[in-house]
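Enquirer: Be aware that the sequence shown starts at 31, since it is given in the working numbering, and climbs by one per residue.
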Amino acid sequence: MLEAYLMEWGGMLLRWLHVIAAIAWIGSSFFFIHLDASLRAAPDAPVNAAGQPTQFLAWQVHGGGFYAMRKYLVAPEVLPKELTWHKWQAYWTWISGFFLLVWVYYAQSELYLIDPAVMALSPFAAGAIGIAALAGGWLFYDLLCRSPLGRNDVVLGLLGFGYVIAASWAFSSVFSGRGALIHTGALMATIMSANVFFVIMPNQRKTIAAMVAGEVPDPKYGKQAKQRSLHNNYITLPVLFLMLANHYPVTYANSAAIPVLVALVIVAGALIRHFYNVRHADHAKSPWWTWAVAALALWLAFWVAMASSPGGRERLGLKPLPEAKPIMLAGLVPPPAEVANIVTGRCAMCHAPEPSWPGILIAPKGVYLHEPELIARQRHAIGVQAVMTHAMPPNNLSGMTVEERRQLAAWVAQKR
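(1) By how many angstroms is the C-alpha of L131 removed from the C-alpha of A158?
(2) Look up P451 in the DSSP assignment and say whether it is helix, strand or coil.
(3) Between which two residues does the beta strand (DSSP E) containing A200 stretch?
(4) In angstroms, rounded to a whole number, what distance separates the CA positions of Q444 and V369?
(5) Between the C-alpha atoms of V77 and V246, what's the straight-line distance to the nearest angstrom?
(6) Once DSSP output is grouped into helix, strand and coil, what is the label at H92?
(7) Near L438, which residues of its chain fall below 8 Å by C-beta distance, leaving aside the five closest residues on each side in sequence?
(8) Expressed to the nearest angstrom, what Euclidean distance is found between the alpha-carbon atoms of S152 and A210?
(9) In this structure, how does DSSP classify K315 when only helix, strand and coil are distinguished?
(10) Have a look at I221 and P352 and give me their C-alpha separation to the nearest angstrom.
(11) Here's the rule I'm using: 16 or more other beta-carbon atoms within 10 Å means buried, otherwise exposed. How should Q234 be labelled?
(12) Are there three or more Cβ pairs, one per stretch, closer than 8 Å when the segment 192–207 is compared with the segment 278–295?
(13) Give the range of the alpha helix (DSSP H) segment to which S58 is assigned.
(14) Can you give me the Cβ contacts of A293 inside the same chain, cut-off strictly under 7 Å, excluding the 5 residues immediately before and after it?
(15) Among H304, G342, I230, I357, which has the Cα closest to the Cα of E401?
(16) Is V432 buried or exposed, if buried means 16 or more other CB atoms sit within 10 Å of its CB?
(17) Considering only their Cβ atoms, is the gap separating Y282 from G396 smaller than 8 Å?
(18) Is there a Cβ of chain B sitting closer than 8 Å to that of L169, yes or no?
(19) Can you give the Cα-Cα distance for T237 and A105, rounded to whole angstroms?
(20) For the alpha helix (DSSP H) containing K236, name the first residue and the last one.
(21) So, for L47: in the same chain, excluding its five sequence neighbours on each side, which residues have a beta-carbon less than 6 Å away from its beta-carbon?
(22) Hey, how far is the Cα of P310 from the Cα of A300?
(23) State the Cα-Cα distance for the pair P317 and R303, rounded to the nearest angstrom.
(24) Can you tell me whether A162 is buried or exposed? The criterion is at least 16 other CB atoms within 10 Å of its CB, across all chains shown.
(25) Can N262 and I212 be called in contact, C-beta distance under 8 Å?
(26) Go ahead and pull the three-state DSSP assignment for Y450.
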């Protein structure tokens with residue numbers, strides 16, 4: 031029981047840190063993209079050999095004060111004594127997110143990550159595949175950006191889009207639907223953080239080193255960093271959706287639909303960011319059409335998700351999906367008959383492929399409890415929800431008794 035409490039509290043604290051760091055990172059990222067778009071040539075700015083201004087200015091008002099934000103095309107003539115670096119928001123977002131992934135999905139892989147009906151994996155193999163995919167995914171993306179194809183932003187964007195869709199398909203062919211969604215989001219988030227760590231920050235250091243040495247910094251470093259920063263900006267909203275989607279089983283009820291959902295969400299999120307990027311530069315040129323296309327993409331995602339879930343298909347009059355027989359994971363033991371009867375009698379009216387409880391069309395959290403094999407897989411979750419906290423059944427709608435909870439507690443406490 032103590033271990034269960036520690037797992038719950040550890041996961042909550044890691045998630046808390048992850049959200050705080052992500053808010054700080056996304057906030058600063060959005061602000062600087064907005065700032066870049068709103069900059070105008072400074073009236074007192076000198077010009078370079080090509081006759082272009084070398085300094086840009088934007089006025090901001092906030093909290094009762096006025097701020098003059100000045101940007102140098104390459105670098106100022108004199109390095110300031112104090113310089114604020116925006117990096118730790120990105121680093122801590124990834125560090126906390128990675129440990130949260132390990133804590134929830136790798137330490138409890140039998141519950142969240144492994145679906146033996148998709149691929150029978152050991153916990154070690156599942157974790158190794160996930161970590162290798164994140165590292166390899168960044169390396170492939172980085173090579174793509176550094177290749178000749180990376181010189182064309184449109185081509186690079188299309189290739190990156192296709193790459194993420196292919197990765198989501200690969201994940202859904204290996205992991206559970208929930209695991210596939212979180213790893214697709216984690217791959218994109220790893221690319222974002224690695225852009226900061228391996229490209230943006232090193233290039234800024236090279237610029238400063240050149241200034242310290244009395245040399246003129248090479249503008250290419252700023253251009254490379256700007257390209258990666260813009261990539262981060264456009265994929266931020268899709269990453270947030272995928273991170274939240276793993277809490278909503280309607281998005282992963284059918285793994286076959288995950289690549290389509292990922293594609294539609296990326297289109298919607300990127301277009302919303304494009305609208306604001308253009309609008310910040312010139313309100314008169316605001317591309318309002320992007321909202322219509324983004325709304326259409328999300329509407330299509332809604333129907334794809336509904337048509338791919340068991341309850342949704344029934345409501346739409348579509349042919350039911352073939353129901354796969356649950357497969358027992360190695361090392362798990364089916365629960366005693368009395369435990370199985372309690373769970374199926376008190377919980378399976380909601381936690382089944384086709385819930386019978388009014389208003390519920392898909393099992394909450396994607397948890398199925400209508401077969402002994404599935405009950406065995408959810409042993410930890412049952413202990414947390416029905417024994418530790420009495421959170422389930424919600425408001426005890428199905429009337430689980432104190433004695434039944436004691437029987438569940440005894441089963442959960444047994445060694446496998």
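By construction, the Cβ of each residue, glycine as well, lies at the ideal position given by its N, Cα and C atoms.
Expert: For this structure:
(1) Looking up residue 158 in the sequence shown gives position 128. Looking up residue 131 in the sequence shown gives position 101. If I take the Cα positions, the gap works out to 12 Å.
(2) This structure cannot speak to residue 451, because the chain is shown only from 31 to 446.
(3) Locating residue 200 in the sequence shown gives position 170, counting from the first residue. Looking at the DSSP string, A200 is not in any beta strand (DSSP E); the run it does join, the alpha helix (DSSP H), is 183–202.
(4) Residue mapping note: residue 444 aligns to position 414 of the sequence shown, counting from 1. Residue mapping note: residue 369 aligns to position 339 of the sequence shown, counting from 1. Roughly 12 Å between the two C-alpha positions.
(5) Position 47 of the sequence shown, counting from 1, holds the residue named residue 77. Position 216 of the sequence shown, counting from 1, holds the residue named residue 246. Cα to Cα, the separation comes out at about 15 Å.
(6) As a position in the sequence shown, residue 92 is number 62, starting the count at 1. Three-state DSSP puts H92 in a strand.
(7) Walking along the sequence shown from the start, residue 438 turns up at place 408. Excluding positions up to five away in sequence, the list reads V369, I372, V373, I412, G413, A416, V417.
(8) Start at 1 with the first residue of the sequence shown, and residue 152 comes out as number 122. Start at 1 with the first residue of the sequence shown, and residue 210 comes out as number 180. Looking at the two C-alpha atoms, the distance is approximately 16 Å.
(9) In the sequence shown, residue 315 corresponds to position 285, counting from 1. Looking at K315 - three-state DSSP - the assignment turns out to be helix.
(10) Taking the sequence shown and counting its residues from 1, one reaches residue 221 at position 191. Taking the sequence shown and counting its residues from 1, one reaches residue 352 at position 322. Taking the straight line from one Cα to the other gives about 37 Å.
(11) Position 204 of the sequence shown holds residue 234. It counts as buried.
(12) yes
(13) To locate residue 58, count along the sequence shown from 1; it is residue 28. Looking at the DSSP string, the run of the alpha helix (DSSP H) that includes S58 is 32–68.
(14) Residue numbering aside, residue 293 sits at position 263 when the sequence shown is read from its first letter. Counting only Cβ-Cβ distances below 7 Å, and skipping sequence neighbours, we find I195.
(15) Residue 401 sits at position 371 when you count from the first residue of the sequence shown. Nearest of H304, G342, I230, I357 to E401, Cα basis: I357.
(16) Translated into the one-based positions of the sequence shown, residue 432 becomes position 402. The residue is exposed, with fewer than 16 neighbouring Cβ atoms inside 10 Å.
(17) Numbered from 1 along the sequence shown, position 366 holds the residue referred to as residue 396. Numbered from 1 along the sequence shown, position 252 holds the residue referred to as residue 282. Taking 8 Å as the Cβ cut-off, G396 and Y282 qualify as a contacting pair.
(18) Absence of chain B from the displayed structure is noted, only one protein chain being present.
(19) If you number the sequence shown from 1, residue 237 lands on position 207. If you number the sequence shown from 1, residue 105 lands on position 75. Roughly 8 Å separates the two Cα atoms.
(20) Within the sequence shown, the letter at position 206 stands for residue 236. For K236, the enclosing alpha helix (DSSP H) begins and ends at 231–242.
(21) In the sequence shown, counting from the first residue as 1, residue 47 sits at position 17. Excluding positions up to five away in sequence, the list reads S126.
(22) On the sequence shown, position 280 is the one that residue 310 refers to. On the sequence shown, position 270 is the one that residue 300 refers to. According to the sequence shown, residue 310 is His rather than Pro. Looking at the two C-alpha atoms, the distance is approximately 15 Å.
(23) By 1-based counting over the sequence shown, the position of residue 317 is 287. By 1-based counting over the sequence shown, the position of residue 303 is 273. Cα to Cα, P317 sits roughly 11 Å from R303.
(24) Reading the sequence shown from its first residue, position 132 is the one you call residue 162. Burial call: exposed.
(25) As a first step, residue 262 must be located in the sequence shown, where it is residue number 232. As a first step, residue 212 must be located in the sequence shown, where it is residue number 182. In this structure, I212 does not lie closer than 8 Å to N262 by Cβ.
(26) Here the chain comprises residues numbered 31 to 446, so residue 450 is not present and cannot be evaluated.
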